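Q: Under the numbering used here, read the sequence shown as residues 403 to 534, first letter to last. Ideal Cβ placement from N, Cα and C applies to all residues, glycine included. Fair warning: this is a prediction, and the values are worked out from it, not measured in the lab.
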Amino acid sequence: ISMSGLADAVRNAAAEFGIIPPLSRTIDPDAPAVPGSVARALVLAATQAIANAIQHADGEELRLEVIGRLEAPRVVVRVIDGGSGFEPDAVPADRLGISASIVARVSAVGGRSRIDSDGHGTVVTLEWDGAP
Numbered sequence: 403i404s405m406s407g408l409a410d411a412v413r414n415a416a417a418e419f420g421i422i423p424p425l426s427r428t429i430d431p432d433a434p435a436v437p438g439s440v441a442r443a444l445v446l447a448a449t450q451a452i453a454n455a456i457q458h459a460d461g462e463e464l465r466l467e468v469i470g471r472l473e474a475p476r477v478v479v480r481v482i483d484g485g486s487g488f489e490p491d492a493v494p495a496d497r498l499g500i501s502a503s504i505v506a507r508v509s510a511v512g513g514r515s516r517i518d519s520d521g522h523g524t525v526v527t528l529e530w531d532g533a534p
């Protein structure tokens, strides 16, 4: 899938919840396509992050970023909200939204995820370097 197609898929994921948050695209015109399995994992993980932002932060100041580059990390997807934040390490192990639907899903395709949260909001960052 093209980087633009990936950005569209992330925006469409948010639209499934009935919202169209701002989407910042920074895509190198020469950035190569992303394998379908990687794109699917990133979109599904972003979908979970969007759902979490809507559920736990009321979608406050929700915005999306998709960056496509020639060099690593080739793809960066961010889901950002302006909610009150939370402590990621305090999420119970039986709550699978973050651990399974975001972290494990992105890791399974060779990517990484990071969750930064404080009293000003949460940023979920998904990255893929281009390695199979």
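For residue 431, does the count of other Cβ atoms within 10 angstroms reach 16, so buried, or fall short, so exposed?
A: Classification of residue 431: exposed, given that the 10 Å Cβ count is below 16.
Q: Ends of the alpha helix (DSSP H) at residue 445?
A: Residue 445 -> alpha helix (DSSP H) spans 438-459.
Q: Give me whichever residues DSSP pairs with residue 523 in a beta bridge.
A: According to DSSP, which records beta bridges pairwise, residue 523 is partnered with 520.
Q: Could you have a look at residue 486 and say whether DSSP puts it in helix, strand or coil?
A: Of the three classes helix, strand and coil, the one that applies to residue 486 here is coil, per DSSP.
Q: Measure from the alpha carbon of residue 404 to the alpha carbon of each residue in 474, 436, 425 and 426, then state which is nearest.
A: Checked all of 474, 436, 425 and 426; the closest Cα to residue 404 is 436.
Q: Can you tell me where the beta strand (DSSP E) with residue 465 in it begins and where it stops?
A: 465-470 is the extent of the beta strand (DSSP E) around residue 465.
Q: Strictly by DSSP, which residues pair up with residue 529?
A: DSSP lists 478 and 514 as partners of residue 529.
Q: In chain order, what residues of the same chain lie with their CB nearer than 6 Å to the CB of residue 427, ignoring the 5 residues before and after it?
A: Contacts found: 409 and 468.
Q: Which residue marks the beginning of the alpha helix (DSSP H) containing residue 406, and which one marks its end?
A: From DSSP, the alpha helix (DSSP H) with residue 406 extends over 405-417.
Q: Can you say whether residue 444 is buried or exposed, counting buried as having 16 or more other CB atoms within 10 angstroms of its CB?
A: Buried, because 16 or more other Cβ atoms sit within 10 Å of the Cβ of residue 444.
Q: Given a cut-off of 7 Å on the beta-carbon distance, is the pair residue 415 and residue 452 in contact?
A: Closer than 7 Å, so yes.
Q: Alpha carbons only, please: which of 413, 439 and 500 is nearest the one belonging to residue 450?
A: Among 413, 439 and 500, the Cα nearest to that of residue 450 belongs to 500.
Q: Give the C-beta separation of residue 529 and residue 481 to the nearest angstrom, bearing in mind that I take them to be a contact with Cβ-Cβ under 8 Å.
A: 13 Å between Cβ atoms; not a contact.
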